[in-house]
Amino acid sequence: MSKVKLARKSTLIDMTAMSDVTVLLLTFFMLTSTFVKKEPVQVTTPGSVSEIKIPDTNILQILIDPTGKVFMSLDKQKDMIETLSKVGDELGVSFTEEEIRKFKIQKTFGVPIKSMKQYLALPAEKQDAILKDYGIPTDSLDNQFKTWVKAARATNQELRIAIKADSNTPYKVIKDVMTSLQDLRENRYNLITSLKVESVK
Amino acid sequence: MAELQTNDGGGKKKKGGSKQKKISVHVDFTPMVDMNMLLITFFMLCTSLSKPQTMEINMPSNDKKITEEDQVKVKESQAVTLVLSGGDSIFYYTGLPNYKDFNSLKLSSYRADGIRSVLLKRNVAAVTQINELKKKKLDLKISQEQFTKLAAEIKNGKNTPVVIIKAADRATYKNLIDALDEMQICNIGRYVIDKITPAELFLIKNRESKGALSQNSAI
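Taken in order, these protein sequences are the chains called A and B.
Throughout the first sequence, residue numbering follows the numbering used here, covering 141 to 341 in sequence.
Throughout the second sequence, residue numbering follows the numbering used here, covering 69 to 287 in sequence.
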């Protein structure tokens with residue numbers, strides 16, 4: 141009887157094609173996506189039919205969480221430094237080199253100016269943990285929010301203001317922010333929303 | 069692992085000349101694929117694909133020095149006031165508020181058959197014009213720039229309604245965005261966000277108590 145001879149095949153698979161595909165996918169992801177910014181509070185933006193995209197640079201983002209805490213972020217480190225020094229001058233706080241260096245690498249800031257020094261002295265991990273308990277005061281007695289916006293505007297004339305607030309934020313807080321902006325004659329700004337598809341019947 | 073295979077077996081050797089070994093190069097791409105997959109996973113998890121949408125709004129100036137002439141007068145018949153209240157409820161009244169009649173403040177909803185149908189009905193002329201314009205744009209009769217210009221003209225036309233949005237403190241941010249969204253859906257170009265006054269709060273309370281407040285105050 142003749143035995144069926146099984147040909148010994150090599151188990152090597154040519155991975156070149158696979159590699160091509162993965163490199164393509166990788167390139168696609170690298171080019172189309174933007175990094176998620178680290179934000180101290182989780183915010184779900186409400187949906188809207190608006191389709192205008194927000195520009196990448198020169199944005200002053202105002203982040204409002206459901207409990208009404210206000211945070212801010214600037215996209216340029218140069219602006220951050222100047223804004224901090226202007227706010228410091230106005231509220232009578234001066235910062236050391238070290239503090240400025242620490243401040244400029246912050247993604248989002250939102251600490252009352254009194255606690256700023258103390259906050260900047262903390263190590264980075266601790267800053268992340270406690271930032272969400274702070275927030276820039278917006279009430280009419282001690283409106284540091286206004287000072288920040290004014291300083292940021294003085295630093296960069298082309299700055300666009302974008303408000304990103306949670307769907308469940310009470311209007312009262314939004315009103316405070318909007319009134320402060322109106323007082324500074326900042327009458328044009330953007331509201332960040334997420335996409336909602338809806339058609340007119 | 070990359071391996072070099074020499075296959076010098078078989079084949080006739082060339083006459084004369086130097087002996088050249090034919091080398092076929094096989095590079096194993098498996099680790100490369102592994103690494104790429106890892107990178108793709110990293111990018112998928114740590115980045116967001118879509119940029120957030122945004123809505124541009126113009127707020128009225130807070131300037132106290134604005135004179136009478138600078139103020140825009142609105143025909144009573146064109147004005148619609150939306151009052152956003154807590155619990156996702158939305159009220160509206162047209163023209164001037166009628167404090168005597170609690171039914172002048174009507175309750176509506178954020179659904180398609182709610183405030184949207186009311187506004188569409190009032191803005192029917194502009195909406196049909198915009199739809200015609202959209203059709204023309206789809207047929208490539210007019211360019212995008214022309215479309216934006218003409219659409220803006222229609223939206224800000226003389227006979228379009230003027231909507232005043234007033235939100236109570238209890239309303240949420242979502243309510244405000246929804247209301248602004250309706251402006252866009254209904255092609256309303258003239259709208260403004262205003263502060264709520266005690267008068268509107270009175271109207272809501274009056275409605276809730278079925279006119280009891282206005283009766284008391286009338287006496």
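Built from N, CA and C at the ideal position, the CB exists for glycine as well.
Interface flag, residue i vs chain B, CB-CB below 8 Å
i: A:F169; result: yes
i: A:R328; result: yes
i: A:K191; result: Lys is not the amino acid found at residue 191 of chain A; the sequence shown has Glu there. At least one chain B Cβ lies under 8 Å of A:E191.
i: A:P263; result: no
i: A:P180; result: no
i: A:N308; result: yes
i: A:F175; result: yes
i: A:S334; result: yes
i: A:M212; result: no
i: A:A302; result: yes
i: A:Q201; result: no
i: A:L331; result: yes
i: A:M158; result: yes
i: A:Q267; result: no
i: A:K341; result: In this predicted model, A:K341 has a pLDDT of only 41, less than 50, meaning its place in the structure is not dependable enough to derive any value.
Euclidean distance between Cα positions of residue i and residue j
i: B:K80; j: B:Q88; result: For B:K80, the predicted structure reports a pLDDT of 47, less than 50, and the residue's modelled location is therefore unreliable. A value from the coordinates is still provided. B:K80 and B:Q88: Cα-Cα distance of roughly 12 Å.
i: A:V176; j: B:L113; result: 9 Å
i: B:I158; j: B:Q121; result: 25 Å
i: A:L124; j: B:T109; result: With chain A covering 141 to 341 only, the question about residue 124 of chain A has no answer from this structure.
i: A:L321; j: B:D246; result: 22 Å
i: B:A236; j: A:L331; result: 19 Å
i: A:T174; j: A:K193; result: 13 Å
i: B:V260; j: A:A157; result: 58 Å
i: A:P277; j: A:S225; result: 18 Å
i: A:P180; j: A:G250; result: 9 Å
i: A:D323; j: B:T149; result: 24 Å
i: B:N199; j: A:R300; result: 32 Å
i: A:A292; j: A:Q182; result: 24 Å
i: B:F270; j: B:F170; result: 10 Å
i: A:E191; j: B:Q214; result: 19 Å
i: B:I264; j: A:A294; result: 31 Å
Beta-carbon contacts of residue i that lie in its chain and below 6 Å, excluding the five residues immediately before and after
i: A:V340; result: Bear in mind that the predicted position of A:V340 carries a pLDDT of just 45, short of 50, making it too unreliable to give a figure here.
i: A:E239; result: L260
i: A:E230; result: T287
i: B:S172; result: Y161, N166
i: B:D76; result: Annotation note: pLDDT 48 at B:D76 (below 50); position unreliable, no value reported.
i: B:F111; result: none
i: B:K204; result: I210
i: B:I232; result: T149, V260, D262
Contact with chain A by residue i, beta-carbon distance below 8 Å
i: B:A267; result: no
i: B:G123; result: Inspection of the sequence shows that residue 123 of chain B is occupied by Met rather than by Gly. So, interface residue.
i: B:N126; result: yes
i: B:Q88; result: no
i: B:Q212; result: no
i: B:T98; result: yes
i: B:S92; result: no
i: B:G77; result: Note that B:G77 has pLDDT 47, beneath the 50 cutoff, so the model's placement of it is unreliable and the number below is only indicative. By this cut-off, B:G77 is not an interface position.
i: B:D156; result: no
i: B:R238; result: yes
i: B:M251; result: no
i: B:T149; result: no
i: B:K242; result: yes
i: B:V231; result: no
Residue i versus the options, residue with shortest Cα-Cα distance
i: A:D196; options: A:E298, A:S234, A:K266; result: A:E298
i: A:V210; options: A:E191, A:V227, A:K304; result: A:K304
i: B:K226; options: B:T115, B:Q252, B:S145, B:F270; result: B:S145
i: A:K315; options: B:K143, B:V95, B:K234; result: B:K234
i: B:R238; options: B:G154, B:P128, B:V95, B:L150; result: B:G154
i: A:S307; options: A:G187, A:K145, A:L200; result: A:G187
i: B:R179; options: B:N243, B:E276, B:R275; result: B:N243
i: B:V95; options: A:D154, A:L171, A:F285; result: A:D154
i: A:G275; options: A:M318, A:E191, A:M256; result: A:M256
i: A:S280; options: A:M318, A:T248, A:K247; result: A:M318
i: B:D262; options: A:E237, A:K312, A:L200; result: A:K312
i: B:M100; options: A:M170, A:V161, A:F169, A:Q182; result: A:V161
i: A:T207; options: A:A147, A:P310, A:K216; result: A:P310
i: B:S177; options: B:V151, B:A194, B:V195; result: B:V151
i: A:D273; options: A:I204, A:L152, A:L200; result: A:I204
i: A:K254; options: A:E222, A:V233, A:E237, A:P263; result: A:V233
Contacting residues, own chain, Cβ-Cβ under 7 Å from residue i (five flanking each side not counted)
i: A:N296; result: N198, D219
i: B:N191; result: T228, P229, C254, N255, I256
i: B:L175; result: S157, F159
i: A:L335; result: G187
i: A:A147; result: none
Sequence-distant residues of the same chain with beta carbon closer than 8 Å to residue i, five excluded per side
i: B:G78; result: Per-residue confidence for B:G78 stands at a pLDDT of 47, beneath the threshold of 50, marking its modelled position as unreliable; no derived number is given.
i: B:Q197; result: I222
i: B:N224; result: G257, R258
Practice prompt. Say whether the region 148-167 of chain A touches the region 92-108 of chain B, bearing in mind that this needs 3 or more beta-carbon pairs closer than 8 Å, one atom from each stretch.
Written response: yes
Worksheet item: Does the region 266-280 of chain A come close enough to the region 239-255 of chain A to have 3 or more Cβ pairs within less than 8 Å?
Response: yes
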